[in-house]
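Report on the structure given below.
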Amino acid sequence: MATSSGGGSGSGGGGTYSYRNGATHSHKSSSKLDTHTHKPLSLNSSSNSSSKNHVKSKSLGPSSTTQRRNSTTSKDHHPSVPGRVRVAVRLRPRNAEESVADADFADCVELQPELKRLKLRKNNWDADTYAFDEVLTEFASQKRVYEVVARPVVESVLDGYNGTIMAYGQTGTGKTYTLGRLGEEDTAARGIMVRSMEDILADVSLETDSVSVSYLQLYMESIQDLLDPANDNITIVEDPRTGDVSLPGASLVEIRDQQSFVELLRLGEVHRFAANTKLNTESSRSHAILMVHVRRSIKGRDAGHSSENGNHPHSVKSLKPPVVRKGKLVVVDLAGSERIDKSGSEGHTLEEAKSINLSLSALGKCINALAENSAHVPFRDSKLTRLLRDSFGGTARTSLVITIGPSPKHRGETASTIMFGQRAMKVENMVKLKEEFDYKSLARKLDVELDKLIMEHERQQKAFEDEIERMATEAQHRLSEAERNYIDLLEKEKSKYEKDYMDSIRKLEDQLAMNQRKNEDSHIKSRAEVYSEELADLKKMLQKETLLRKAAEGEVNHLKIQVSELKMSEASRKSEILKVHKMLEEEVHQKEKLEREIAILQSQLLQLSLESDQTRHQFERDGLEKDVSSVDSLTSQVKHQQQASGNGEKPSIAKLFEQGLGLQKILSLLEAEDADVRIHAVKVVANLAAEEANQGKIVEAGGLTSLLRLLQSSQDETIHRVAAGAIANLAMNETNQELIMSQGGISLLSMTAASAEDPQTLRMVAGAIANLCGNDKLQSKLRGEGGIKALLGMVRCRHPDVHAQVARGIANFAKCESRASSLGTKSARSFLIEDGALAWIVQNANNEASSIRRHIELALCHLAQHETNARDMINGGALWELVRISRDCSREDIKTLAHRTLVSSPTFQAEMRRMRISY
Ligand code: ADP
Ligand code: MG
Numbered sequence: 011m012a013t014s015s016g017g018g019s020g021s022g023g024g025g026t027y028s029y030r031n032g033a034t035h036s037h038k039s040s041s042k043l044d045t046h047t048h049k050p051l052s053l054n055s056s057s058n059s060s061s062k063n064h065v066k067s068k069s070l071g072p073s074s075t076t077q078r079r080n081s082t083t084s085k086d087h088h089p090s091v092p093g094r095v096r097v098a099v100r101l102r103p104r105n106a107e108e109s110v111a112d113a114d115f116a117d118c119v120e121l122q123p124e125l126k127r128l129k130l131r132k133n134n135w136d137a138d139t140y141a142f143d144e145v146l147t148e149f150a151s152q153k154r155v156y157e158v159v160a161r162p163v164v165e166s167v168l169d170g171y172n173g174t175i176m177a178y179g180q181t182g183t184g185k186t187y188t189l190g191r192l193g194e195e196d197t198a199a200r201g202i203m204v205r206s207m208e209d210i211l212a213d214v215s216l217e218t219d220s221v222s223v224s225y226l227q228l229y230m231e232s233i234q235d236l237l238d239p240a241n242d243n244i245t246i247v248e249d250p251r252t253g254d255v256s257l258p259g260a261s262l263v264e265i266r267d268q269q270s271f272v273e274l275l276r277l278g279e280v281h282r283f284a285a286n287t288k289l290n291t292e293s294s295r296s297h298a299i300l301m302v303h304v305r306r307s308i309k310g311r312d313a314g315h316s317s318e319n320g321n322h323p324h325s326v327k328s329l330k331p332p333v334v335r336k337g338k339l340v341v342v343d344l345a346g347s348e349r350i351d352k353s354g355s356e357g358h359t360l361e362e363a364k365s366i367n368l369s370l371s372a373l374g375k376c377i378n379a380l381a382e383n384s385a386h387v388p389f390r391d392s393k394l395t396r397l398l399r400d401s402f403g404g405t406a407r408t409s410l411v412i413t414i415g416p417s418p419k420h421r422g423e424t425a426s427t428i429m430f431g432q433r434a435m436k437v438e439n440m441v442k443l444k445e446e447f448d449y450k451s452l453a454r455k456l457d458v459e460l461d462k463l464i465m466e467h468e469r470q471q472k473a474f475e476d477e478i479e480r481m482a483t484e485a486q487h488r489l490s491e492a493e494r495n496y497i498d499l500l501e502k503e504k505s506k507y508e509k510d511y512m513d514s515i516r517k518l519e520d521q522l523a524m525n526q527r528k529n530e531d532s533h534i535k536s537r538a539e540v541y542s543e544e545l546a547d548l549k550k551m552l553q554k555e556t557l558l559r560k561a562a563e564g565e566v567n568h569l570k571i572q573v574s575e576l577k578m579s580e581a582s583r584k585s586e587i588l589k590v591h592k593m594l595e596e597e598v599h600q601k602e603k604l605e606r607e608i609a610i611l612q613s614q615l616l617q618l619s620l621e622s623d624q625t626r627h628q629f630e631r632d633g634l635e636k637d638v639s640s641v642d643s644l645t646s647q648v649k650h651q652q653q654a655s656g657n658g659e660k661p662s663i664a665k666l667f668e669q670g671l672g673l674q675k676i677l678s679l680l681e682a683e684d685a686d687v688r689i690h691a692v693k694v695v696a697n698l699a700a701e702e703a704n705q706g707k708i709v710e711a712g713g714l715t716s717l718l719r720l721l722q723s724s725q726d727e728t729i730h731r732v733a734a735g736a737i738a739n740l741a742m743n744e745t746n747q748e749l750i751m752s753q754g755g756i757s758l759l760s761m762t763a764a765s766a767e768d769p770q771t772l773r774m775v776a777g778a779i780a781n782l783c784g785n786d787k788l789q790s791k792l793r794g795e796g797g798i799k800a801l802l803g804m805v806r807c808r809h810p811d812v813h814a815q816v817a818r819g820i821a822n823f824a825k826c827e828s829r830a831s832s833l834g835t836k837s838a839r840s841f842l843i844e845d846g847a848l849a850w851i852v853q854n855a856n857n858e859a860s861s862i863r864r865h866i867e868l869a870l871c872h873l874a875q876h877e878t879n880a881r882d883m884i885n886g887g888a889l890w891e892l893v894r895i896s897r898d899c900s901r902e903d904i905k906t907l908a909h910r911t912l913v914s915s916p917t918f919q920a921e922m923r924r925m926r927i928s929y
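Right, dumping it as structure tokens:
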């Protein structure tokens, strides 16, 4: 950042902070220059202390909002701390040549180290002023340069941060002098690399920590190993997760003392020289990169992690892996920053030259992008920027020293170097502690522990097994001893008992011998006498027993005889009982038979009495002279009844007449319990109903209702047949027809028709319905209650009598319909056609049985009267039948009717024309 002329007007000084130890100083703000001042990079100036706790506490101290925001965005458990790239400017003293050539000219720059400012002369009266973190004059010692530029970074590396120290400037301005001098001839001349290692080695513990270095050269986008010149195309590997870059192909030499490091640097320099000779270039065209890896183990308390784990129980603590901090110091001696066109003398083509400086220009672009906070930073454009990714805008603490020469001849280069430095100052890094758990070493430690435990366990196992074995043998010993003792004791005991036993035996034998001797002396005689007496007694007893037995046997025989006698008498009694039983059953049977006969006779009596009533009435009405035949018929009827009733006692006619019962009584017998009585009663009623004269009385007395009820209540087909016959007779009267209909007669008759098998029953039912069909008033009700369907259903029975009744019903119905249509009360299609009767009608129109044929012929003529039916009739084939009837019918009246009908129907006429029937 440049202030305009006037020697830093408004710059107000960059504050008084020290590059190294700014935190201990206050700093003023408000000038442009202040934008460069910020929290210091390094936090402790004491070079011999690693001061870990200070690092954390200070670096985490109060921060600006930006800082806080940045801190929380860190993914790691270690918060990042903002750390701007620090930039110092170093002015090389005039060399001999310049002292001569520029003797008359003033330096192009004027340093104000106490103000940390540099003035770049534009001309004699004008200059730009720039502020830097440190301004090092031509008199600045190497030691001071190290302390100001490098030490804070080195300390950070020792604390576990990444660090970068880089020199940028025109060739010959002292970059290598600043960084790479070995200082072997003059200790005071030692450069930053050497001094850094001195500090590092002084701080680390070689037992627990390790320091290793790689030394590389980057030339024309190829990385060469300066410690192993054969290795000249090292690849950069990036960890995709962390973004960390590494060079696994580069030699990594562990450093244990300063001397070996200096040797290594020298070797590197030799190799660098050799490589540059080979590549026909010089060191000013290549970048030298020294990488120092410092790996430090941290004892529990010091570790950043420890505070987080502080509350964990002991068991967990003991398993806590050790913490390691891995700091990496990168020292970069960049190629000369002078413009390419000025170094064309080296004989490279322009392309080559571009390639040579590709990395450097890429670095410039990255730094510009970072300084301007641009969204894209082209790190990937070159190997150098890839390698330095962490150094600029990354997590490392970075310190840049820009070297300039005093010569006004190179004012342009100097100005560009200064601008580079100014921009670099704007680059903010987020320094971050590189601390992690050392799981590997924990695993190693745990492995050792485990092996120890395994060994210990094995030892203990062995001891345990030995102990078990020892105890087992001891127990075995004790057991066998106890066994021995037991056997001894047993032996002793046994022999003792044997002895006792033998003693007892001996004693008993002695006693026995003594007793025998005694017996022999005193009892020999008396024993024989005793025996003979006993024998006599026994004989007597035997005789007595024998007698007793014989007596018992006799008694048993006697008893046996008695038992057999008893058995015989019982058998005869049983057979007698059976006989009586049989007689009784026969008696009951007889009685039942008689009762049945009585019932039959009773009903016959009823009928006869009724008939006698009729006869009497007849006589009263017609006088004596008339109807001898009716007496005859009555007599014959009674005779017939008598024959039907079988061989029962024949009641005299007179008696039956005397017993004459009222109609009411007979109707009541329709509901008698006895089936035979019911049958006779229904027959009597049927006979009465056959006479028109009786019909009114029967209906009046509720006979029609009872008959209809019988159709429903009785299962007997005879009753069904007779009752249906009676109903058919009653149905001849118009009033009765209405009554039958109102009492649900159609459905009762249909039901009966459906269940009947006897053709006569069906004939009766069909006859009844046929009669109903002839009533004009009942047409739709009859049809609505299924009368036509029931009628047609009965044709299932092939009997011609049934068919004749069906045909009569259809004819009746058709006649009524034709009447209604001619009266204009019916305009719709015939119900007969609707209910599907037409097919049967056509089928039977020419039936052999005249009783069927005539009715159907009539029915067809009636249907044909109504034009509405014509189309259906044509479709159903009825037209042909009509034509036939009109031509061949033997009954003249029907023939004429058919003819008239055909002639008057336009539909039939049209059809006949269509069919070319000449008519
Ligand atoms: P560069 O590496 O930038 O090309 P060098 O470090 O090789 O420059 O320096 C060029 C010359 O200047 C060397 O001879 C070096 O000894 C000398 N030189 C550089 N800086 C200083 C200095 N601060 N004091 C004395 N001599 C210096
Ligand atoms: Mg150099």
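Under this note's numbering, the letters of the sequence shown match residues 11 to 929, in that order. Glycine residues also receive a C-beta, built at the ideal position from the N, C-alpha and C atoms. The structure presented is a predicted model; accordingly, all values stated were derived computationally and were not measured.
Cα-Cα, which of the options is closest to residue i?
i: residue 119; options: 451, 186 and 424; result: 424
i: residue 673; options: 686, 706, 684 and 511; result: 706
i: residue 922; options: 821, 172, 875 and 884; result: 884
i: residue 841; options: 798, 136, 592 and 813; result: 798
i: residue 337; options: 694, 173 and 708; result: 173
i: residue 965; options: 373, 845 and 441; result: Examination of residue 965 is not possible in this model, given that the chain is present from 11 through 929 alone.
i: residue 753; options: 777, 717, 787 and 768; result: 717
i: residue 162; options: 150, 97 and 219; result: 97
i: residue 150; options: 346, 413, 281 and 195; result: 413
i: residue 125; options: 99, 107 and 785; result: 99
i: residue 219; options: 142, 178, 334 and 253; result: 334
i: residue 277; options: 302, 252 and 239; result: 239
i: residue 759; options: 512, 801 and 746; result: 801
i: residue 611; options: 231, 449 and 689; result: 689
i: residue 232; options: 297, 215 and 195; result: 297
i: residue 695; options: 762, 676 and 748; result: 676
i: residue 855; options: 863, 384 and 878; result: 863
i: residue 147; options: 234, 926 and 411; result: 411
i: residue 330; options: 851, 465, 454 and 735; result: 454
i: residue 443; options: 510, 548, 562 and 304; result: 304
Would you grab the beta carbon distance between residue i and residue j for me? Rounded to a whole angstrom, and I think it's under 8 Å.
i: residue 190; j: residue 415; result: Actually they do not touch by this definition, with Cβ atoms about 18 Å apart.
i: residue 211; j: residue 268; result: 6 Å
i: residue 729; j: residue 741; result: In fact, because the Cβ distance is near 18 Å, the residues do not count as touching under 8 Å.
i: residue 391; j: residue 372; result: 4 Å
i: residue 179; j: residue 427; result: 5 Å
i: residue 339; j: residue 302; result: 4 Å
i: residue 223; j: residue 271; result: 7 Å
Per DSSP, residue i forms a beta bridge with which residues?
i: residue 604; result: Answer is none; residue 604 lacks a bridge partner.
i: residue 177; result: 343 and 411
i: residue 440; result: 92
i: residue 301; result: 224 and 340
i: residue 122; result: 127
i: residue 720; result: Answer by DSSP bridge pairing: none, since residue 720 is not bridged.
i: residue 307; result: 334
i: residue 445; result: 335
Shorter than 7 Å, the distance from the beta carbon of residue i to the closest heavy atom of ligand 4, or not?
i: residue 182; result: As far as ligands go, the structure on display features ligand 1 and ligand 2 and does not contain ligand 4.
If you scan the segment 182-258 from start to end, which runs of the beta strand (DSSP E) of 3 or more residues do you find wholly inside it?
220-229 and 232-235
Segments of 4+ residues assigned as alpha helix (DSSP H) that fall wholly inside the segment 762-809:
769-783, 789-794 and 797-803
Where in the segment 676-708 do unbroken runs of the alpha helix (DSSP H), each at least 4 residues long, occur, reported from the N-terminal end onward?
685-700
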